[in-house]
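Undergrad: Residue numbers (the numbering used here): 1 to 408.
For every residue, glycine included, the Cβ atom is placed at its ideal position computed from N, Cα and C.
Since the structure is predicted, the reported quantities are computational estimates derived from the model, not experimental observations.
I am attaching a structure below and will ask some questions about it afterwards.
Printed below as a string of structure tokens:
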């Protein structure tokens with residue numbers, strides 16, 4: 001804008017000096033050259049009414065000869081555009097003689113195109129590029145390390161203490177990462193100890209519940225055995241198998257809240273007593289969900305009486321909205337209840353129990369899991385020795401590695 005203002009001032013001065021009617025082209029040429037003697041980079045031309053150049057200050061190269069591309073008005077009274085890769089400011093003035101309009105004065109000046117490499121030799125350009133690349137790499141590592149720290153803190157806030165920060169970044173960030181990892185290690189060790197004490201306690205409670213009724217003794221261990229067998233055939237990894245095993249062992253922990261008169265009744269339950277019994281899944285969820293890290297186990301205790309068709313309890317959820325581990329436990333729990341003797345019924349033959357599971361596939365049970373379980377039992381699968389893995393308090397998972405049986 002400042003350059004345009006200067007150009008407008010020059011145009012006004014020249015306009016006052018020039019009279020195309022009274023001067024020959026030579027005189028006009030001399031007048032222009034004299035007026036612009038101190039600005040040799042300025043292109044000046046005078047055109048007659050037909051558009052012919054009648055005078056020029058000699059700068060008649062590319063700057064003066066070509067038309068301006070993409071002209072845009074400027075507040076100072078000129079326009080700016082491009083000529084052959086140059087940015088150019090242009091100002092035009094009408095020349096008035098004795099007989100009225102007699103010509104046009106046009107002034108142009110090039111604006112240097114400023115680029116990052118202007119006036120810089122190749123060596124300096126290469127050095128600058130290398131410096132930029134190094135800075136980008138350093139900052140990238142630093143911000144990546146900060147992202148890892150943020151992720152670990154976010155996971156820790158959700159009681160997940162397993163994620164550790166990769167050591168990287170600058171010295172201060174590395175120090176923060178090390179301190180965070182040390183803190184998480186300490187918290188993790190403490191959490192593991194707390195979880196172990198808590199799990200041992202609820203396992204003891206579970207044994208106490210089963211000890212009240214000699215007919216249910218060993219029920220949770222057998223349910224855990226069946227669940228782990230199914231989990232193995234489904235390809236669960238060690239961590240998921242362990243969650244499934246503990247969830248199955250503790251699936252009835254909520255029965256500690258059920259009165260003994262209901263829990264140990266020798267005959268069938270009436271409606272009120274059955275309502276009392278129906279509360280044990282949610283009681284188990286509250287007991288197991290009270291400690292960080294046992295949420296998945298609590299989900300199994302809560303959902304093992306849900307039905308595939310949504311007619312189960314306590315929430316009445318259906319289909320795949322029921323946790324997979326809960327669906328597995330539902331089949332194992334029902335099967336063991338059928339094939340073992342209870343105070344109110346004799347043990348059911350294995351084949352009859354499998355027939356009921358097969359019949360109730362798609363209504364009571366997940367149809368695919370029911371097919372898998374029945375196929376396992378009828379084909380003699382799933383009878384691996386898992387005693388050590390399902391002992392109370394034993395945290396090992398069974399070492400079973402076979403392809404799943406074909407489900408018809």
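#1: What whole-angstrom Cβ distance do residue 328 and residue 230 have, given they're in contact under 8 Å?
#2: Return the first residue and the last residue of the beta strand (DSSP E) that residue 361 is part of.
#3: Where does residue 82 fall in DSSP's three states?
#4: Contact defined as beta carbons within less than 8 Å: I believe residue 250 pairs with residue 204. What is the distance between those atoms, to the nearest angstrom?
#5: Just confirm the distance between the C-beta atoms of residue 228 and residue 245, as a whole number of angstroms; I'd bet it's less than 8 Å.
#6: Within its chain, find whatever has a CB closer than 6 Å to the CB of residue 223; leave out the 5 residues flanking it on each side and keep chain order.
#7: So, at 7 Å on beta carbons, what are the nonlocal neighbours of residue 385 in its own chain, with the 5 sequence-adjacent residues on each side left out?
#8: Based on the DSSP secondary-structure assignment, which residues constitute the bridge partners of residue 365?
#9: Can you list, in chain order, the residues of its chain with a C-beta nearer than 6 Å to that of residue 226? Leave out the 5 residues immediately preceding and following it.
#10: Checking 8 Å against the spacing of the C-beta atoms, do residue 339 and residue 324 come in under that value?
#11: Measuring alpha carbon to alpha carbon, tell me which of 219, 342 and 284 ends up nearest residue 269.
#12: Could you work out which residue in 254, 317, 311 and 265 is closest to residue 287 when comparing CA atoms only?
#13: Inspect the beta-carbon positions of residue 91 and residue 80 and report whether they are closer than 8 Å.
#14: If contacts are defined as beta-carbon pairs under 8 Å, then residue 106 and residue 45 qualify, I think. What distance do you get, rounded to the angstrom?
#15: Report buried or exposed for residue 28, applying the criterion of at least 16 other Cβ atoms within 10 angstroms of its Cβ.
#16: Residues in its own chain within less than 7 Å of residue 11 by CB, not counting five upstream and five downstream?
#17: How would you call residue 73, buried or exposed, if buried means at least 16 neighbouring beta carbons within 10 angstroms?
#18: Given that a residue counts as buried once 16 or more other Cβ atoms are within 10 Å of its Cβ, and exposed if not, what is residue 32?
#19: For residue 307, which option in 284, 13, 363 and 369 has the closest C-alpha, if you only look at C-alpha atoms?
#20: By the three-class DSSP mapping on this structure, what secondary structure does residue 52 have?
#21: Out of 370, 24 and 285, state which residue places its alpha-carbon closest to the alpha-carbon of residue 234.
#22: If you reduce the DSSP assignment to three classes, tell me which class residue 322 lands in.
#23: Might you give, ordered along the chain, the residues of its own chain that have their beta carbon closer than 8 Å to the beta carbon of residue 279, omitting 5 neighbours on each side?
#24: By the DSSP assignment, the alpha helix (DSSP H) with residue 71 in it spans what residues?
#25: So residue 43 is in the beta strand (DSSP E); what residue range does that whole segment cover?
#26: Does the beta-carbon of residue 316 have 16 or more other beta-carbons within 10 angstroms, so that it is buried, or is it exposed?
#27: Going by the C-beta, is residue 24 closer than 7 Å to any heavy atom of the ligand SAM?
#28: By a C-beta neighbour count over all protein chains shown, 10 Å radius and 16 as the cutoff for buried, is residue 56 buried or exposed?
#29: Once DSSP output is grouped into helix, strand and coil, what is the label at residue 28?
#30: Quick check: what's the CA-CA separation for residue 299 versus residue 199?
#31: Ignore the nearest five residues each way along the sequence and tell me which others in residue 220's own chain have a CB closer than 8 Å to its CB.
#32: What residue range is occupied by the uninterrupted alpha helix (DSSP H) comprising residue 306?
TA: Reading from the atomic positions:
#1: Indeed they touch by this definition, with Cβ atoms about 5 Å apart.
#2: Unbroken run through residue 361: none, as it is neither H nor E.
#3: DSSP places residue 82 in strand when its eight states are reduced to three.
#4: The beta-carbon distance between residue 250 and residue 204, rounded to whole angstroms, is 11 Å. This is too long to meet the 8 Å contact definition.
#5: 5 Å
#6: 248, 332, 333 and 336
#7: Low per-residue confidence applies at residue 385: pLDDT is 33, beneath 50, and the placement is therefore not dependable enough to give any value.
#8: 361
#9: 332
#10: no
#11: 342
#12: The shortest C-alpha separation from residue 287 is found at 254.
#13: no
#14: 5 Å
#15: Residue 28 comes out buried.
#16: 91, 93, 105 and 107
#17: exposed
#18: buried
#19: It is 363.
#20: In the structure shown, the three-state DSSP call for residue 52 is coil.
#21: Nearest option by C-alpha distance: 370.
#22: coil
#23: 254, 257, 258 and 314
#24: No alpha helix (DSSP H) contains residue 71, which is instead part of the beta strand (DSSP E) from 69-73.
#25: Run containing residue 43: 43-47, per the beta strand (DSSP E) assignment.
#26: exposed
#27: The ligand SAM is not part of this structure, which contains no ligands at all.
#28: buried
#29: Here DSSP, grouped into helix, strand and coil, assigns residue 28 to helix.
#30: 15 Å
#31: 206, 210, 248, 249, 250, 251 and 252
#32: Annotation: residue 306 is outside any alpha helix (DSSP H) and is labelled neither H nor E by DSSP.
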